[in-house]
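A quick write-up on the structure given underneath.
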Amino acid sequence: VIFFAVMGLALAEIFAHVITRARAPEKAAWARAAAYVRARYEPGDAIVAAPSWADPLVREALGDVIDLAQAGRSDLAGFDRLWALSIRGRLPEGAPEREPDDDRLFDGVRVMRWDLGPSSVRYDFVDHVREAEVALGEGSGAAPCRWARAGARGGGLGAGAFWPEERFACGFGRGFLWVGETVTEDLDLKPRRCIHQQPEGSVPLRVTFRDVPSTQRLVLYAGLYYEDERSLERGPFTLRVRRDGVEVGRMEHRDGEGWKRLELAFPPSPSHARAASFTFETTSPAPDRRSVCWAATMRVAPREVGE
Amino acid sequence: MNRPGRHVGGWDHLVGFALAASYLGLLLATAPAIAMSRDESFYVVAAERMAPWFELLADSPERAIERSAVDRHFSFNHEHPSLAKSLFALSWLAQRRHDLFPEVSTAHRFPAMVLASLLLWLIYVFGARAFGRPAGAFAAVSFALLPRVFYQAHLNAFDLPITFMTTLVVYCYWRSLASRRWALLAGLAFGLALETKHNSWLLPPIFAIHFAWMAAAEVAHRRRGGAKRMSLFPYGLLSMGTLGPLLFVGLWPWLWYDTLPRLEEYANFHLHHVYYNMAYFGLNYFRPPFPVSFPFVMTLFTVPLTVLVLALLGLSQRLPAIAPGPLAARLFPRATEVADRYRTDVLMVGCLLAPIVVIAMPSTPIFGGTKHWMPAYPFLCLFAGLGYWKVVRWARELLRDKLPVARHSVRALTACILLTPSMLETVHSHPFGLSHYTYAAGFTPGAADYGMNRQFWGFTTGSLVPFLREHLPEGGTVWLCDTTPMAFDMLARDGLLPANIRPARAMHLADYVLVHHEHHFAEVDFQAWVAFHDVQPAYVLTHDGVPIITVYANPASRRVRR
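Chains as they are written, first to last, in our numbering: chain A, 1 to 307; chain B, 1001 to 1562.
What follows is the structure, given as structure tokens:
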């Protein structure tokens, strides 16, 4: 029995090797699947890979229609439809637990589409960061930070989120104090498109958005760059949200909490019906390596999936 | 006194030589496809700094041994001993003078390739003595065809050299149990092993346990009225304890001055080694405690399963000889396998388990993948050879009178079937040796599903040479991610890449940005997206459909051919 088991194992290993090689989809298969998706792509669609390690292959084939908002999404609330290019029988993270609305196979690459329903997102703060007002401090002593072409910076292992070419710079000698759109690596090593807003200390760094449309909810995600959080040894940061100057919520974030979600509900009222200003303040008792990055959206009532 | 094991003669050494020569030829032929790895590039720098010292030693020995000369030529990379790097340096000097190899990198790598090849000879002879010629031959070939070993055997690094050295020390020590001449050789070999890499520190404890085990059995034998079968004086250990350190210090010029502080610095470097990142089942480990299962699972996932099962078969066959006498008698009352007086099985099991157990300790860094317990693999393969021989004997019993096949045909056919998985996987793994996983992991895509480490050292950049040549026809810059500038420079020195394709100073200024896919390098992917305002790679290098390197093109670059 052992003799046949050993010889059978060797033959099985040979057979499995040949099968595995043959089953790995060629780039041409990805391209055919991508062509099908591209022909049907609409604004508001999200495209994902399953398993997630195939993501570079999906972006190679379809990256021209995938923007930072898709690639660095916090959830699927901002999208009306979900496309998945899947291999090895995998389903994408966050996909509805039902049969896809479209399902095709292209030489080993499966294309699936789920219609999620209209997006609940009405305003994305990251989209509007350039229009925001940024200042360090409060009241008359606040020092404004200017939107500037400050020069791109960063790149490399341990460097954290890339400093975009254009950003709010908070003055000479405070190079680390900048506010702008970037993509950070969160505690789960996932990409998060967000507004970088590292606190200076106990003095708040404030980012204010004017004329934000009122909706029922504000959904806020915030976290730190992976290497700044993974050791679980540094102090917390606080991210306060003010509506028309009044604090309406705050997130206390401690190492280990990762890309943390906070949802603020705004009950219907006359004052909540009009556009408002929203201010996001970051503080930390020990701001070293508190590379806070956050993403927030104003949303209407939640839909069933993708929230 | 009887020597351990069976007789081995000139024909056996001819077989060993043939194995070594064939492997060396194979390594030389396949080396150009493997670009320099991170660590190799540091050893290139070290070797090329040491090389002038050897010229000075030849021209003016008294000046060469002066402290200023020693410090100048040996201070770089002094966290590792100098023997392997000295060989790399001498090989590079030979290349400079006689242009022996088609590539500079091959000149640097040649000495380690020779040692990797000699290891096959050694495994064959060791196996032939301990378990018989067929087992020895199978062990040597199965070792040569371990995908990760095949990759490492190409490199001007220390992992195959130390695997050769530790196996050599074990062999000499084993022979020293019956011969004082071999005790002397054990001491010399241990000195060379110490001078190669710190894995050698493990050997004395293994030997001490083995010797005590063997001595206890001998004492029990004598108490039962048996005749004296061996000396209980540990000549081999004594030789190792005296000659080893002498040779270690004598061959490493860095230790000729400030010997004790420098020894302390060397020991502390390795006893308190920094931790690097390593992905394992989807988690990125960067500090202790590390998973105890790591070396066991990685062995399961990277060694062809047939070889592992054969090793287990061989081990199980020898269990009665490994267990202490009374326990063996109780557990295996009808066993036909008996321990030899030198407790060879105990020694081999110790050498198989110790390197793996050390890495399994939660405080031991795991950044080196499987290479840090490669000294265990010759013994794994020796037991696999024993397992193979068991399968051959079963085959003969089954086929007796049924098929008109000769004895040798059964041996050869069985070996072919049992080694084909290894051969297929090794051939297919080249040049992605560190990315390749075997059957138990579901091969490379299965390992990606499990979230295992996909590579390290940035050597896969070599597989992008055709892409870079085609897309940067007028030269340009590349942001290298995990590849060191020295390793990249070697592609130009080898004539593989034009010299006008250079490393970029900054990511956003590069014509191309590379991202080597390892879990902790995910941030580099995201940095490139922001730097170029684009998430679409220009190219994704894959192995079995699994991304290995993603390449981004700078949309502002005028040199990139799209």
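Ideal Cβ positions, reconstructed from N, Cα and C, are used throughout, including at glycine.
Short of 8 Å from the beta carbon of A1031 (chain B), and not among the five residues preceding or following it, lie these beta carbons of its own chain, in chain order: E1103, S1105, T1106, R1109, M1113, H1154. The C-alpha of H1098 (chain B) is placed about 38 Å away from the C-alpha of V1515 (chain B). A contact between stretches requires three or more CB pairs, one per stretch, nearer than 8 Å, and the segment 171–190 of chain A fails this requirement with the segment 99–119 of chain A.
Its chain contains G1350, C1351, A1354 as the residues whose beta carbon lies nearer than 7 Å to that of I1206 (chain B), once the 5 sequence neighbours on both sides are disregarded; these appear in chain order. About 6 Å separates the beta carbons of Y1257 (chain B) and V1070 (chain B), which is inside the 8 Å limit, making them a contact pair. When rounded, the separation of the alpha-carbon atoms in R1072 (chain B) and F1054 (chain B) is 12 Å. Closer than 9 Å to the CB of D1071 (chain B) there is not a single CB belonging to chain A. The residue from A:E97, A:S86, A:A39 with its alpha-carbon nearest to that of V65 (chain A) is A:A39.
Taking CB atoms only, F237 (chain A) has no neighbour in chain B less than 9 Å away.
Only residues of its own chain outside the window of five on either side were considered, and among them R234 have a CB closer than 8 Å to the CB of D288 (chain A), listed in chain order. At least one C-beta of chain B is nearer than 9 Å to the C-beta of R90 (chain A).
Within chain A, the residues whose beta carbon sits less than 9 Å from that of N1284 (chain B) are L189, Y226, R230, listed in sequence order.
For S52 (chain A) and R1334 (chain B), the gap between their C-alpha atoms comes out near 54 Å.
The beta carbon of A169 (chain A) is closer than 7 Å to those of C145, R146, A148, A150, W178 in its chain, skipping five residues each way along the sequence. Comparing C-alpha distances from V1513 (chain B) to each of A:G155, A:A159, A:I87 shows the shortest one belongs to A:G155. Under DSSP, the beta-bridge partners assigned to W114 (chain A) are A:L82. When only Cα atoms are considered, F176 (chain A) and A1021 (chain B) end up about 59 Å apart. Here A1492 (chain B) has A1499 as same chain residues with Cβ atoms under 6 Å from its own Cβ, once five neighbours each way along the sequence are excluded. At the C-beta level, D1544 (chain B) and A142 (chain A) stay beyond 9 Å of one another. Within chain B, the residues whose beta carbon sits less than 7 Å from that of P56 (chain A) are P1537, V1540, P1547, T1550, listed in sequence order.
L1514 (chain B) is outside the set of residues whose beta carbon lies under 9 Å from a beta carbon in chain A. Inter-residue distance for A1556 (chain B) and T1166 (chain B) is about 53 Å (C-alpha atoms, whole angstroms). Listed in chain order, the positions of the segment 1474–1488 of chain B with a beta carbon within less than 9 Å of a beta carbon of chain A are W1479, C1481, D1482.
For P1295 (chain B), the uninterrupted alpha helix (DSSP H) segment begins and ends at 1294–1302. Checking the DSSP bridge columns, you'll see P191 (chain A) partnered with A:E185.
Counted as a single uninterrupted DSSP element, the stretch harbouring E263 (chain A) is not any alpha helix (DSSP H) but the beta strand (DSSP E) occupying residues 260–265.
Every unbroken stretch of the alpha helix (DSSP H) spanning 4 or more residues and falling wholly within the segment 1482–1506 of chain B is given here in chain order: 1485–1493. For P144 (chain A), there is no enclosing alpha helix (DSSP H); the enclosing beta strand (DSSP E) covers residues 143–149. Exposed is the label assigned to K1228 (chain B), since fewer than 16 other Cβ atoms lie within 10 Å of its Cβ. Following the DSSP letters along the chain, one finds C1381 (chain B) inside the alpha helix (DSSP H) bounded by residues 1377–1399. Y1439 (chain B) has a beta carbon lying within less than 9 Å of a beta carbon in chain A. Restricting attention to A:T215, A:R242, A:T279, A:S140, the CA atom closest to the CA of V300 (chain A) is found in A:T215. Annotated as proximal: A49 (chain A) and P92 (chain A), with beta-carbon spacing under 9 Å. Counting only unbroken stretches of 4 or more residues, the alpha helix (DSSP H) elements lying wholly within the segment 1116–1171 of chain B are 1133–1144, 1147–1152, in sequence order.
The straight-line gap separating the alpha-carbon atoms of V1358 (chain B) and L1192 (chain B) is approximately 22 Å. Taking all protein chains shown into account, V1392 (chain B) has 16 or more neighbouring C-beta atoms within 10 Å of its C-beta and is therefore buried.
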